[in-house]
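Asker: Have a look at this one before I ask anything.
2 protein chains.
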Amino acid sequence: MPLLPAAEPLTVMGAGLVGSLLSLYLARRGHPVQVFERRADPRRAGFQEGRSINLALSDRGWRALEGVGVTDDIRQVGIPMTGRVMHDVQGNLTRQPYGQDGQAIYSVNRGHLNRRLLDLAEAQPNVRLQFGQQCLGIDLKKQALHLLDTATQQEHTAPYTRLFGTDGAFSAVRGALQRQERFDYSQDYLDYGYKELTLVAGPGGSWQLEKNALHIWPRGQYLMIALPNLDGSFNGTLFFPYEGAESFAALQTPADVTAFFNRVFPDAVPLMPDLEQEFFEHPTGSLVTIRCFPWKFDDDVLLLGDASHAIVPFYGQGMNAGFEDCSVLNELLDQHGDAAWATIFAEFQQQRKPNTDAMADLAVYNFVEMRDRVADPRFLLQKKIEAKISAQYPGRWTPLYSQVTFSHTPYAQAWAAGQRQDAIMARLMPHIQAEADYDRPDVQALVEQEMAARP
Amino acid sequence: MPLLPAAEPLTVMGAGLVGSLLSLYLARRGHPVQVFERRADPRRAGFQEGRSINLALSDRGWRALEGVGVTDDIRQVGIPMTGRVMHDVQGNLTRQPYGQDGQAIYSVNRGHLNRRLLDLAEAQPNVRLQFGQQCLGIDLKKQALHLLDTATQQEHTAPYTRLFGTDGAFSAVRGALQRQERFDYSQDYLDYGYKELTLVAGPGGSWQLEKNALHIWPRGQYLMIALPNLDGSFNGTLFFPYEGAESFAALQTPADVTAFFNRVFPDAVPLMPDLEQEFFEHPTGSLVTIRCFPWKFDDDVLLLGDASHAIVPFYGQGMNAGFEDCSVLNELLDQHGDAAWATIFAEFQQQRKPNTDAMADLAVYNFVEMRDRVADPRFLLQKKIEAKISAQYPGRWTPLYSQVTFSHTPYAQAWAAGQRQDAIMARLMPHIQAEADYDRPDVQALVEQEMAARP
């Protein structure tokens with residue numbers, strides 16, 4: 001990496017996952033980097049996690065980590081999940097692989113990952129991390145951050161030359177841009193909240209459900225999922241309507257909760273000894289999609305990650321999209337040089353915006369798939385047929401999930417290709433009642449015809 | 001109107017058009033009303049208008065004014081516009097009536113109207129108006145407005161029991177609701193700005209263009225419009241891209257402006273002696289659509305008008321929709337009584353939200369119609385054919401524009417009916433080359449067939 005002799009200092013607001021990775025990228029290019037973070041240092045004792053515990057790291061995320069050479073560090077704390085395991089109300093299991101042999105998404109603990117990235121960033125001589133620094137406002141004209149030191153309760157001002165806003169879905173940096181003329185912005189909440197619940201480990205830290213899988217309890221209008229942890233436990237999350245007959249509002253007492261879980265998630269209940277307590281003690285999280293534009297202010301400020309494109313978690317792509325922001329920015333720096341900020345910021349937002357918009361749509365789309373369609377045998381059959389087409393036409397048919405998760409195809413392009421493939425599947429499936437039907441001459445003829453008609 | 005003996009005081013934040021009308025409605029129901037307004041009193045000398053000068057008042061607005069008995073006052077300052085007059089590049093004129101004989105929209109001056117409504121509100125013994133009161137924040141839990149007296153620069157707190165936010169597109173009341181969980185919000189800017197320009201009166205205050213019309217210079221990607229004033233002048237507005245070959249960015253010098261206007265609006269230029277000066281002195285306004293939900297906080301706070309649904313001006317419905325909010329709220333008060341605020345606020349937002357969403361879409365749709373389609377002879381022919389169908393099937397076919405402008409049909413219902421009618425017109429028009437074709441037996445048969453198939 002080129003070490004610039006008198007590089008200008010860069011400022012990063014927000015040292016979560018994206019902010020800490022971005023700082024590493026910028027520091028390794030030779031820039032002095034000043035990082036401010038609202039919360040306390042998560043590596044210090046007694047730190048309380050604010051966000052979801054587990055995340056699914058996939059190819060886009062790995063590539064971004066690779067760019068700063070930290071994949072080995074992270075792989076040690078990730079558990080590969082090679083497929084989904086669906087649990088029906090009787091406790092019957094159905095397995096659906098995520099991709100081909102050897103492909104997996106990785107269950108990682110947010111805290112572990114963030115602390116590791118912070119350690120790596122701090123090990124760079126040109127990175128300075130400051131925690132407990134709340135952004136109260138930004139003077140975009142004077143290029144100054146207005147900060148509150150939460151420990152001393154002293155307000156102070158930090159000038160910046162180049163500011164990167166990686167301060168998450170409720171970004172204070174975006175808040176400053178938002179007060180500018182012609183700033184498009186939207187925040188859309190689902191009528192669903194989420195609740196994190198623990199499925200405990202077995203004796204000796206053993207996994208009581210299949211370890212290398214993401215578990216789903218699809219129930220039509222709602223669902224529970226569980227991701228494996230290194231200690232043998234699983235981190236469960238219930239995605240559930242706020243109101244209605246089956247909803248957070250309807251479960252008011254510990255008895256309500258137990259009765260409901262016994263009825264709809266009976267095979268999970270024995271693994272949830274603290275269910276009643278956790279249900280009422282853990283906060284109910286909300287699910288928001290945030291879109292905005294522009295992502296930059298002149299060549300002074302740039303938003304990345306959730307600050308510019310927060311999405312709902314159902315495709316497991318929130319962190320991956322944020323990490324991909326870092327690798328895309330790094331590519332643009334390679335391409336244009338470390339001084340062409342105006343060009344880089346403009347190209348960055350132009351290139352990324354349609355892709356993160358598509359990802360936001362995909363995430364909502366996958367909510368319906370996960371809570372409802374994965375319980376439908378016809379849907380699972382379709383997935384198997386798709387896998388067969390993909391195997392028969394290598395490189396010419398990649399299932400949508402694989403394009404999003406196991407490729408670096410821009411999200412918008414993946415979504416468009418996925419929609420075209422969906423239309424083909426809608427024409428094929430009426431001719432197919434079982435997996436073996438795929439080999440029937442009439443079906444093969446239809447498949448060939450469809451593939452010949454593809455551009 | 002019932003005068004309640006010990007009615008609770010109501011608070012209105014914002015004394016623009018909607019706030020002053022709402023105050024009148026609430027006061028006439030017997031409620032003590034406290035009104036705060038950020039700006040100075042517009043009835044005092046030296047007041048500077050911040051917003052567009054002319055508005056088009058139509059049936060929904062008139063009905064709302066009628067509800068507090070002030071139509072006579074307002075009719076004196078309005079000029080009926082019975083149709084559009086399109087100006088082509090050669091200065092040729094084409095006229096299209098807005099509705100049937102006797103139907104018109106009214107050009108009114110925003111300042112006149114606002115001052116008149118304020119006079120009427122202030123004449124109510126139970127209304128108290130306070131100007132120069134900027135809302136800095138709201139404590140929703142303690143039910144208190146945090147205000148800045150702009151004259152004395154003193155901050156103070158005003159408690160409220162019931163707060164109505166009528167403080168416009170950049171509402172501070174909405175800003176407080178927006179910080180609550182699960183508040184959906186969007187602001188979307190067009191890539192167009194607007195510039196107000198004067199077309200002067202002729203000798204003795206005569207109108208130099210047809211007085212009783214809204215004038216349009218449709219130019220495909222942009223347009224100018226002009227509305228008549230009482231003094232013989234017209235208030236022109238150029239709606240123009242911010243960037244591009246023909247755009248605000250491209251007109252940098254007085255010579256650029258003159259050359260451009262001479263080329264594309266040659267018949268208007270002689271009426272615009274101050275064109276160059278005004279073009280650079282008048283601000284460029286932006287065009288935003290704002291949507292949000294919910295519009296209420298418990299039974300304490302309710303948003304009305306632009307605060308909850310700001311739209312672009314191309315259907316002339318922004319003020320009318322805000323005024324309709326007042327008459328709808330009044331109907332709900334009649335229906336449920338002046339104490340059932342929880343029910344009223346909930347029903348209000350449930351009833352109004354889909355309608356103002358539809359109106360927001362209609363306003364953007366009409367932008368394309370005004371800047372482009374009204375210059376197309378086929379489009380104008382279609383409008384004439386529609387008028388013939390409407391006359392032949394009274395009560396069974398009302399053109400979309402008439403439903404929006406000259407009816408009280410909820411906007412969403414009007415929009416849906418308009419789309420169904422558009423689909424019919426798309427099937428009929430290929431058979432029609434001239435107005436007279438409508439009477440051909442084959443065309444008549446088609447029309448009858450379409451009408452018979454309508455629900």
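If you read the protein sequences in the order shown, they are chains A and B. Residue numbers for the first sequence follow UniProt numbering, so the first one is 1 and each next one is one higher. Residue numbers for the second sequence follow UniProt numbering, so the first one is 1 and each next one is one higher. In this text, a Cβ means the ideal position worked out from N, Cα and C, and glycines have one as well.
1. Where do the N-terminal and C-terminal ends of the beta strand (DSSP E) with T356(B) fall, by residue?
2. In angstroms, rounded to a whole number, what distance separates the CA positions of T94(B) and L24(B)?
3. Ends of the alpha helix (DSSP H) at W415(A)?
4. Helix, strand or coil for S233(B)? Go by DSSP, reduced to three states.
5. Go to F36(B), then tell me how far its beta strand (DSSP E) extends in each direction, as first and last residue.
6. Interface residues of chain A around S186(B) at Cβ under 9 angstroms?
7. For Y194(B), decide whether its Cβ has a neighbour in chain A, counting only Cβ atoms nearer than 9 angstroms.
8. Could you say which of A15(A), V264(A), A249(A) lies nearest to Q90(A) if we only look at CA atoms?
9. If the cut is a Cβ gap below 8 angstroms, which residues of chain A does S286(B) touch?
10. For D306(B) versus G285(B), is the C-beta distance shorter than 9 angstroms?
11. So, under 8 angstroms CB-CB, S327(B) and G67(B) are touching, yes? Tell me the CB distance rounded to an integer number of Å.
12. The alpha helix (DSSP H) that contains A62(A), what's its start and end?
13. F279(A) to P241(A), Cα distance in whole Å?
14. Give the secondary structure of M319(B) by DSSP, where H, G and I count as helix, E and B as strand, and everything else as coil.
15. What residue range does the beta strand (DSSP E) around I53(A) cover?
16. Any C-beta of chain B sitting closer than 9 angstroms to the C-beta of residue 460(A)?
17. Could you give the first and the last residue of the continuous alpha helix (DSSP H) run that contains residue 538(A)?
18. Taking all protein chains shown into account, do 16 or more other C-beta atoms lie within 10 angstroms of the C-beta of E8(A), making it buried, or fewer, making it exposed?
19. Could you pull out every residue in the same chain whose Cβ sits closer than 8 angstroms to the Cβ of V443(B), ignoring the five residues on either side in sequence?
20. What's the gap between the Cα of A414(A) and the Cα of L148(B)?
21. Answer with buried or exposed for D325(A), where buried requires no fewer than 16 other C-beta atoms within 10 angstroms of its C-beta.
22. Since I believe A387(B) is in contact with D88(B) (beta carbons under 8 angstroms), could you give me their beta-carbon distance rounded to a whole number of angstroms?
23. Cutting at 6 angstroms between CB atoms, please list the residues of its own chain near D299(B), excluding the five before and the five after it.
24. Would R44(B) be called buried (16 or more neighbouring beta carbons within 10 Å of its own) or exposed?
25. Mapping DSSP to helix, strand and coil, what is Y194(B)?
26. Out of T289(B), V404(B), A40(B), state which residue places its alpha-carbon closest to the alpha-carbon of T152(B).
27. To which residues of the same chain is Q103(B) closer than 6 angstroms at the C-beta, ignoring the five residues directly before and after it?
28. For H156(B), count neighbouring Cβ atoms within 10 angstroms of its own Cβ and tell me buried if that reaches 16, exposed if not.
29. Would you kindly report the start and end of the unbroken beta strand (DSSP E) that includes A144(A)?
30. Assign P5(B) to one of two classes, buried (16 or more other C-beta atoms within 10 Å of its C-beta) or exposed (fewer than that).
31. What residue from P32(A), N229(A), R420(A) has the CA that sits closest to V77(A)'s CA?
32. How do the segment 211-231 of chain A and the segment 173-191 of chain A stand: do at least 3 beta-carbon pairs fall below 8 angstroms, yes or no?
33. Count the C-beta pairs between the segment 109-120 of chain B and the segment 53-60 of chain B that are closer than 8 angstroms, then say yes if the count reaches three, no if not.
34. Please report the distance separating the alpha-carbon of R179(B) from that of A169(A).
Answerer: With the structure as the only source:
1. For T356(B), no beta strand (DSSP E) run applies; the uninterrupted alpha helix (DSSP H) run containing it begins and ends at 341-371, by DSSP.
2. Our two residues, T94(B) and L24(B), have alpha carbons roughly 41 angstroms apart in a direct line.
3. That run of the alpha helix (DSSP H) goes 411-428.
4. In this structure, S233(B) counts as coil in the three-state DSSP scheme.
5. Under the DSSP assignment, F36(B) falls in the beta strand (DSSP E) whose first and last residues are 33-36.
6. Close to S186(B), with beta-carbon spacing below 9 angstroms, are these residues of chain A in chain order: D184, Y185, S186, Q187, D188, R291.
7. No, because no Cβ of chain A sits closer than 9 angstroms to the Cβ of Y194(B).
8. Among A15(A), V264(A), A249(A), the Cα nearest to that of Q90(A) belongs to V264(A).
9. By Cβ distance, chain A contributes E181, R182.
10. Not a contact, by the Cβ cut-off of 9 angstroms.
11. With a Cβ gap of about 5 angstroms, S327(B) and G67(B) count as contacting.
12. The sequence given here has Trp at residue 62(A), not Ala. Boundaries of the alpha helix (DSSP H) harbouring W62(A): 59-66, taken from the DSSP string.
13. In a straight line, the C-alpha of F279(A) is about 15 angstroms away from that of P241(A).
14. Note: M319(B) maps to helix in three-state DSSP.
15. From DSSP, I53(A) is part of no beta strand (DSSP E); its letter is neither H nor E.
16. This structure cannot settle anything about residue 460(A), because the visible part of chain A is limited to 1 through 455.
17. Chain A is shown from 1 up to 455; residue 538(A) falls before or after that span and cannot be answered.
18. So E8(A) counts as exposed.
19. Same-chain partners within the cutoff: L428, H431, I432, D437.
20. Spanning the two alpha carbons is a distance of roughly 52 angstroms.
21. By the 10 Å Cβ count, D325(A) comes out buried.
22. The pair is not a contact, with the Cβ atoms about 22 angstroms apart (cut-off 8 angstroms).
23. Cβ neighbours of D299(B) beyond the five flanking positions: W341, A342, F345.
24. Under the 10 Å beta carbon count, R44(B) is surrounded by fewer than 16 other beta carbons and is classified as exposed.
25. Looking at Y194(B) - three-state DSSP - the assignment turns out to be strand.
26. Nearest Cα to T152(B) within the set T289(B), V404(B), A40(B): A40(B).
27. Beyond the five residues adjoining it in sequence on each side, Q103(B) comes within less than 6 angstroms, by CB distance, of F406 in the same chain, given in chain order.
28. Around the beta carbon of H156(B), fewer than 16 other beta carbons sit within 10 angstroms, so the residue counts as exposed.
29. 144-149 is the extent of the beta strand (DSSP E) around A144(A).
30. Bear in mind that the predicted position of P5(B) carries a pLDDT of just 47, short of 50, making it too unreliable to give a figure here.
31. The shortest Cα separation from V77(A) among P32(A), N229(A), R420(A) belongs to N229(A).
32. Judged by Cβ distances under 8 angstroms, the segment 211-231 of chain A makes no contact with the segment 173-191 of chain A, as fewer than three pairs qualify.
33. In short, these stretches touch, since the Cβ pair count reaches three.
34. Taking the straight line from one Cα to the other gives about 13 angstroms.
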